[in-house]
Structure formats: structure tokens, C-alpha cells
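Student: Sharing a structure below in C-alpha cells format, with a few things to ask.
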Amino acid sequence: MSQFTWKRYGGYECSSQGDRRFSAFAAYLPDGRTIEHHYQCDVKGYDPGGTNWRLGKGKPPLRELTPQQLLEEYAALWRDWAARNPELMSELRARASAHGGVLSDRFATTPVNQANALTMLLNEQDGQDDNEDQRQLQFEKP
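Residue 512 in the working numbering sits at position 37 of the sequence shown, with consecutive numbering throughout.
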């Protein structure tokens with residue numbers, strides 16, 4: 476088993492500038508909205524039930540949530556998506572492994588990003604989520 480990690484550059488790019496299938500803008504949940512819609516509108520509270528993700532982008536949440544709670548709720552959205560897309564998760568695992576176990580998101584400015592959430596899920600699947608909360612909140616700016 477390998478330990479998957481993320482960084483802003485240099486891994487398997489899972490943003491709209493890389494493999495778009497793993498972008499929060501392209502990952503749909505059963506209600507027809509994307510993970511980006513759910514996070515900006517519902518989790519952060521800018522347009523509950525809506526689709527105007529731009530209202531919350533780059534802004535702190537309107538709901539009183541800690542950075543850890545934001546990350547947990549974001550990861551839960553990806554967990555739901557992953558459960559519905561096991562074949563894509565298998566492919567992501569193979570592609571991340573081919574890139575040294577590293578996923579990247581060039582647009583990440585906080586730990587709440589798709590590369591981080593997806594590495595958390597890959598590690599959970601491997602049973603390697605010990606102390607995950609502390610590790611995943613660390614963020615180095617390039």
C-alpha cells in the first residue's frame with residue numbers, strides 16, 4: 476500500500492486544467508449539481524439549494540464552520556461522488572500511483588481542494604487515514 480499525498484503542482488492534475496473528470500466543476504451528484512455548487516452554495520451558505528457558486532468563491536463561509544469542518548464537509552461531498560464512481564476512483568488510483576502517489580490542483584489556495592479530498596479518500600480506502608485530520612490541514616504555498 477502506498478500513501479497518497481497532494482501538492483499544488485507536480486502530481487497528477489485533477490483540476491479543470493488537467494483531468495477534468497476529477498474537477499469539482501465536473502463531478503455531479505444525484506441532484507444534478509456539481510460538487511462546486513454544493514460546496515459554495517450549501518456548505519458555505521451562499522445560495523442554499525442553488526447553483527450560483529460564484530457568490531461564495533474565495534470568500535469565508537457564512538455558516539460558522541472551522542477550517543477542519545469545511546474540509547470534512549467538502550470531503551463528504553467527494554465521498555458521495557466516489558461511492559457512485561468506483562471505476563473512476565480505480566483509474567485515479569492508478570494514475571496517481573504513476574505520478575508517485577501525488578495528486579495536484581494548481582488552483583488550490585487552501586487545504587479545501589479536490590486533490591486533497593481525493594487523496595484523503597484514496598488513503599481511507601487503503602485504511603491509512605490515521606491522523607489524517609492534522610496532516611491534511613497543512614498547506615504550503617508555492
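Even for Gly, the Cβ is constructed at its ideal location relative to N, Cα and C. Quick caveat, the model's predicted, so the values are computed rather than measured.
1) Would you check if the distance between the CB atom of Ala501 and the CB atom of Arg508 is smaller than 8 Å?
2) Along the chain, where does the beta strand (DSSP E) containing Ser579 start, and where does it finish?
3) Does the distance from the C-beta atom of Gln515 to that of Leu530 stay below 8 Å?
4) Among Tyr503, Val518, Leu596, Val577, which residue has its Cα nearest to the Cα of Lys532?
5) State the CB to CB distance for the pair His574 and Tyr484, rounded to an integer number of angstroms; the pair is presumed to be in contact (CB under 8 Å).
6) Using only the alpha-carbon positions, how far apart do Ala550 and Leu567 sit?
7) With DSSP as the reference, identify every bridge partner of Glu488, one or two as the case may be.
8) For Trp528, I'd like the list of residues in its chain whose CB is within less than 7 Å of its CB, leaving aside the five on either flank, ordered along the chain.
9) Just to confirm, are Arg581 and Ser490 a CB contact at a threshold of 8 Å?
10) Excluding five sequence neighbours on each side, which residues of the same chain lie with their C-beta closer than 6 Å to the C-beta of Tyr503?
11) Of the choices Leu578, Pro542, Ala558, Leu596, whose alpha-carbon is the least far from that of Gln492?
12) Can you list, in chain order, the residues of its chain with a C-beta nearer than 6 Å to that of Phe479? Leave out the 5 residues immediately preceding and following it.
13) For Pro505, count neighbouring Cβ atoms within 10 angstroms of its own Cβ and tell me buried if that reaches 16, exposed if not.
14) In the DSSP assignment, the alpha helix (DSSP H) including Trp553 goes from what residue to what residue?
15) Consult DSSP for Tyr514 and reduce its assignment to one of helix, strand or coil.
Tutor: Quick look at the numbers:
1) For the purposes of this step, residue 501 is taken as residue 26 along the sequence shown, with counting starting at 1. For the purposes of this step, residue 508 is taken as residue 33 along the sequence shown, with counting starting at 1. No.
2) Residue mapping note: residue 579 aligns to position 104 of the sequence shown, counting from 1. Taken as a continuous stretch (DSSP letters only), the beta strand (DSSP E) holding Ser579 covers 577 to 579.
3) Against the sequence shown, residue 515 aligns to sequence position 40. Against the sequence shown, residue 530 aligns to sequence position 55. For Gln515 and Leu530, yes; Cβs fall inside 8 Å.
4) Counting from 1 along the sequence shown, the entry for residue 532 is found at position 57. The option with the nearest alpha carbon to Lys532 is Val518.
5) Residue numbering aside, residue 574 sits at position 99 when the sequence shown is read from its first letter. Residue numbering aside, residue 484 sits at position 9 when the sequence shown is read from its first letter. The Cβ separation is near 11 Å, so there is no contact.
6) Here residue 550 corresponds to residue number 75 of the sequence shown, with the count starting at 1. Here residue 567 corresponds to residue number 92 of the sequence shown, with the count starting at 1. In a straight line, the C-alpha of Ala550 is about 16 Å away from that of Leu567.
7) One-based indexing of the sequence shown puts residue 488 at position 13. In the DSSP output, where bridge partners are listed per residue, Glu488 has Ser579.
8) What you label residue 528 is simply residue 53 of the sequence shown in a count that begins at 1. The answer, listed in chain order, is Glu511, His512, Gln515, Cys516.
9) Here residue 581 refers to the residue found at position 106 when the sequence shown is read from its first residue. Here residue 490 refers to the residue found at position 15 when the sequence shown is read from its first residue. In this structure, Ser490 lies closer than 8 Å to Arg581 by Cβ.
10) Your numbering for residue 503 matches position 28 in the sequence shown. If we look at Tyr503 and ignore the five residues flanking it on each side, its Cβ neighbours are Thr509.
11) Taking the first residue of the sequence shown as position 1, residue 492 is located at position 17. Ranking Leu578, Pro542, Ala558, Leu596 by Cα distance to Gln492 puts Leu578 first.
12) Along the sequence shown, read from residue 1 onward, the residue named residue 479 stands at position 4. Closer than 6 Å at Cβ, skipping near neighbours: Ala571, Gly576, Thr594, Leu597, Asn598.
13) Translated into positions along the sequence shown, residue 505 becomes position 30. Burial call: exposed.
14) Here residue 553 refers to the residue found at position 78 when the sequence shown is read from its first residue. Its alpha helix (DSSP H) spans residues 542 to 559.
15) One-based indexing of the sequence shown puts residue 514 at position 39. Tyr514 falls in the helix class under three-state DSSP.
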